[in-house]
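Take a look at the structure below.
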Amino acid sequence: MEHILFQISIWVLPAVLAITLHEAAHGWVAHKLGDPTAYLMGRVTFNPLKHVDPFGTLMLPAGLLLLSGGSMAFGWAKPVPVNVRDLPNPRRAMALIAAAGPVSNLLMALAAAILLHTLQYMPEVLQMWLFYNLGNAVVVNLVLFCFNLIPLPPLDGGRIAVGLLPRPLAYRLARVERYGLPILLTLLFVVPWVADKLGTRFVPFDYLMAGPVSAVWRLIAWMTGLG
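If you're matching positions, the sequence shown starts at 1150 in our numbering and goes up one per residue.
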């Protein structure tokens, strides 16, 4: 139990900050482009309570952490509301709003990597805990950056693609959104579970994410002197 509590203590803060700033970035860009909906609803804020989905942000990740012994978590925040009627050039605007979330995660990963250089100036009793938190902040934000750029609605990458593709292709991709979450959950949980029951290991998430996350990490490590 102590191990699980320690794992939670070094993952919760990075995850909450990553999700909070991701959603706030969507709302901020929407507001700047002419849609005040998220701003008026208090969603352009660093207050995580404004972005929390009780099931997707709290219950599901906590349950997965407990069931996996602290090795796995997955969840989501409340989506930021956008009124496309307030946006000039809605397709372009929606692509920019969608891109804001992953960009915020990339910037947070870069900031956490830079802050790792400051640990020597921190109280010794906190250094290890802060090291894990900052390291996990890099990991969480890089995973969110790459994962959200998968071109499948309702992920940000899917919405960026809908905004950039020619209209016939964009409409076809947009219609996939109703099936997007079931597809993702199947790839993340059902396929690995079935593979395990068949006596093998197949995790589509690893194949999708390992290469992109490693590539972006190498770039950040080079930029910040950690490589």
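Each residue gets a CB set at the ideal place from its N, CA and C atoms; glycine is no exception.
Check your understanding: Three-state secondary structure (DSSP) at K1199?
Key -> helix
**Request:** Classify M1208 as buried or exposed, calling it buried when 16 or more other Cβ atoms lie within 10 Å of its own Cβ.
**Result:** exposed
**OP:** May I ask you to verify whether the stretch 1305-1318 touches the stretch 1277-1286, counting CB pairs closer than 8 Å and requiring at least 3?
**Re:** no
So, at 8 Å on beta carbons, what are the nonlocal neighbours of P1210 in its own chain, with the 5 sequence-adjacent residues on each side left out? A1164, A1222, F1223 and G1224
**Prompt:** What are the start and end residues of the alpha helix (DSSP H) that includes W1160?
**Reply:** From DSSP, the alpha helix (DSSP H) with W1160 extends over E1151 to K1181.
Q.
Within 10 Å of its beta-carbon, does F1204 have 16 or more other beta-carbons around it, so buried, or fewer, so exposed?
A. F1204 comes out exposed.
field: Coarse secondary structure for A1344, derived from DSSP in three states
entry: helix
* With distances taken between CB atoms, is the gap from L1336 to P1317 smaller than 8 Å? -> no
Among A1244, F1351 and A1258, nearest to V1311 - alpha-carbon criterion: A1244
Check whether N1297 and G1360 have beta carbons under 8 Å apart: no
Within the continuous alpha helix (DSSP H) that includes L1207, where are the two ends?
Taken as a continuous stretch (DSSP letters only), L1207 belongs to no alpha helix (DSSP H), as it is neither H nor E.
| message | Determine whether the beta carbon atoms of F1280 and L1255 lie at a separation below 8 Å. | response | No.
Hey, out of H1180, T1169 and K1181, whose CA is closest to P1197's CA?
-> T1169
**Prompt:** Which one of T1206, L1375, T1186 and N1290 has the shortest CA to CA distance from D1139?
**Reply:** The question about residue 1139 has no answer here: the residues shown for the chain are numbered 1150 through 1376.
* Of all the options L1189, A1260, R1327 and A1262, which has the alpha carbon lying nearest to the alpha carbon of V1229? -> L1189
inquiry  = Taking 6 Å as the limit between beta carbons, can you name the residues of its chain near S1253, skipping five residues before and five after?
reply    = L1170, H1171 and A1174
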